[in-house]
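Heads up, the thing below is written out as structure tokens.
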């Protein structure tokens, strides 16, 4: 049992960890473009969240384009929207075989390492979690998601080779993130939610586990995030060995907790758009309390957003969420309500 797991399971209070950085970007008066290209601004956004919200930990930006850019993919970087990959970088066995595993000096990787280092050095009152994409999700961005879903059946050896290269890079990246001093990494693997349980095991878990085995220890936690999972991939997620699993709003958290070991931290899963971004404060309070009631009695549960909060989430909604957790915890000190 590592330190983060102990911290959660032994805590006398309910814990909340919404995945959020965009509210910090907006609060410091910066744009998304500035934050995803400048490590100092990225850190300042993380620091704002750490200083202004009573959460279990704080997280770096969940940007699922940084690693693809390092490989050479073309990236769209709007001023105030989430970055995206444009086109495909590899398309067949020959291009996959020729694909070079990049160094950590490529693209925006150095800026993300800088942001994580600054956060780890300056935020001392709570854990800081780095972020990276998962192997299958990265492979899909390089090969094209629609194409890779067919290729895993038609050209499985090609996709396995691509996954191996992506995983090799991600292991190096996660080791570098760990070296910055952060307490863990959130591996975002949403594309694996498109797979069946068996395919998820073969094309995602077997590679995620390589990352987990390389970096997870007593002081560094891997949080595996799969907001695409609708219930078929839960067993495969557990098999990754990650000490914490993060689920999206498409899944029933009550059922998920029953399917997972009691010493694995389970996180989720309020809708980041419908509840946090578009909902009223009262809607946030109602949804938060409902989820807490469904998961009451499970000390390994950490209430969270189902994915990272998008741009333009009202700060009042975040505070309504945290206040509801605090109030519920006050009324249900024993966690059995």
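Residue numbers (the numbering used here): 8 to 344.
Glycine residues also receive a C-beta, built at the ideal position from the N, C-alpha and C atoms.
Cβ neighbours of residue i in the same chain (closer than 7 Å, five flanking residues each side left out)
i, result
"residue 319", "284"
"residue 55", "31, 34, 35"
"residue 151", "95"
Proximity below 8 Å, CB of residue i to CB of residue j
i, j, result
"residue 292", "residue 241", "no"
"residue 125", "residue 50", "yes"
"residue 69", "residue 229", "no"
"residue 262", "residue 222", "no"
"residue 27", "residue 211", "no"
"residue 207", "residue 180", "no"
"residue 156", "residue 184", "no"
"residue 11", "residue 304", "no"
"residue 176", "residue 109", "yes"
"residue 133", "residue 23", "no"
"residue 75", "residue 170", "no"
"residue 294", "residue 235", "no"
"residue 260", "residue 301", "yes"
Same chain only: Cβ atoms within 6 Å of residue i, ignoring 5 sequence neighbours per side
i, result
"residue 173", "142, 145, 146"
"residue 205", "none"
"residue 395", "Any property of residue 395 remains undetermined from this structure, which presents the chain solely from 8 to 344."
Check: residue i C-beta below 7 Å from any heavy atom of the ligand ADP
i, result
"residue 158", "Among the components of this structure there are no ligands whatsoever, and the ligand ADP is therefore not found."
CA nearest to the CA of residue i, picked from the options
i, options, result
"residue 279", "10, 256, 149", "256"
"residue 209", "315, 166, 289, 180", "166"
"residue 41", "244, 17, 122, 160", "122"
"residue 72", "302, 44, 264", "44"
"residue 239", "266, 187, 218", "266"
"residue 128", "232, 187, 300, 314", "187"
"residue 323", "296, 333, 287", "287"
"residue 281", "115, 273, 215, 314", "314"
"residue 321", "333, 275, 290, 297", "290"
"residue 37", "88, 78, 20", "88"
Contact belief for residue i with residue j at Cβ below 8 Å, rounded distance in angstroms
i, j, result
"residue 245", "residue 15", "At roughly 17 Å, the Cβ-Cβ gap does not stay under 8 Å, so residue 245 and residue 15 are not in contact."
"residue 66", "residue 136", "5 Å"
"residue 178", "residue 217", "6 Å"
"residue 6", "residue 299", "Not covered by the structure: residue 6. The range shown for the chain is 8 to 344."
"residue 162", "residue 80", "20 Å between Cβ atoms; not a contact."
"residue 82", "residue 92", "6 Å"
Neighbourhood of residue i by C-beta distance below 8 Å, restricted to the same chain and skipping five residues each side
i, result
"residue 9", "223, 224, 225, 226, 227, 228, 250"
"residue 325", "25, 27, 30, 60, 283, 316"
"residue 341", "Any answer about residue 341 is weak, because its pLDDT of 46 lies below 50 and its placement is not dependable; what the coordinates show is given next. Result list for residue 341: empty, nothing under 8 Å."
Those residues which DSSP pairs with residue i across a bridge
i, result
"residue 274", "253, 309"
"residue 65", "135"
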